[in-house]
Structure formats: structure tokens, C-alpha cells
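According to the numbering used here, the sequence shown is numbered sequentially starting from 1.
A virtual CB, placed ideally from N, CA and C, is assigned to each residue, including glycine.
Just so we're clear, the structure is a prediction, and the values are computed from it rather than from any experiment.
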Amino acid sequence: MHYQAINLNEKLSKFNDLWSPKVVGEINDYQFKLVKIAGDFIWHEHQGTDKVFIVLEGEMFIAFRDGQVKISKGEMFIVPGGADHKPFAEKECHIMLVEPRGVVNTGGTESELTAANDTWI
């Protein structure tokens, strides 16, 4: 067995594309994904599953139809399954997502921002 820690900063340095989650690990049926974001995403929802946002660098916001939440470096937020939401960041922000394997970044909404799924770095 080969034991090695996953260096998140090293993984983040391997890509520059925005809104395109990259898988860095799995536990049971859940994936840990790194993503760089800036600007606005689209309104979407994930039916049947919650989604965890952990901010590693910068700050981001998640708009909901009835308000919004600000998530800063070192903070996390859980979006409940089925909640219509739109992530955005005024400046580039680095986040980790924790979600079930197979979850598409735009939920059930097709968009030019829909990223390839299950892309490992």
C-alpha cells in the first residue's frame, strides 16, 4: 500500500479553467472536487442530494431565490438538495466541493458551463 497525502495547493496549480470541478479523492460514493470560480454561474438545483462548498482561498456567494450566503476562506456551507441556487464570486475563489459521484455541476440544467464529470487531477 502506498500512503501519500493529497496536496491541495499542488492540485490547484495544475489547472486554470473556471467552473470546471476536478476530482482529487473519493470516499465511499462521494467525491472531493477542487474548482476555481469567478463571476457568475447559472441558476440550477441538484435533486436528491446536498452539496458542500468549502472555501480554500478567497470568498464566494451563493444566491437563493429568497436571499444569499457569503462563504469566506476557512468556511463551509451545505446547499440542501433541490434548492435553486446560483454561486458567484467577485474575484477568483478556490473551493472544494463534496458531493456524490456522478453529480453534474449544472444539475439538470444544460449550459455552456456544464463541465465534464469525473475528471481527475
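In its chain, beyond the 5 residues on either side, V79 and E99 have a beta carbon closer than 6 Å to the beta carbon of K51.
Pairwise C-beta distances place the segment 34-43 in contact with the segment 99-115, as three or more of them are shorter than 8 Å.
Taking the Cβ atoms as the reference, R101 lies roughly 5 Å from Q31, within the contact range of under 8 Å. In the DSSP assignment, E75 falls outside any alpha helix (DSSP H) and carries neither an H nor an E. T106 and H2 have their C-alpha atoms spaced approximately 35 Å apart. Segment contact: the segment 14-31 against the segment 61-78, fewer than three CB-CB distances shorter than 8 Å; contact not assigned. Between the alpha carbons of K11 and L56 lies a distance of about 12 Å.
Excluding its 5 nearest sequence neighbours in each direction, K73 has C-beta neighbours in its own chain below 8 Å: V55, L56, E57, G58 and E59, listed in chain order. K33 sits in a strand when the DSSP states are folded into three classes.
Assignment of beta-bridge partners to M96 by DSSP yields L34 and I54. Excluding its 5 nearest sequence neighbours in each direction, H85 has C-beta neighbours in its own chain below 8 Å: W43, H44, E45, I62, A63, F64 and V79, listed in chain order.
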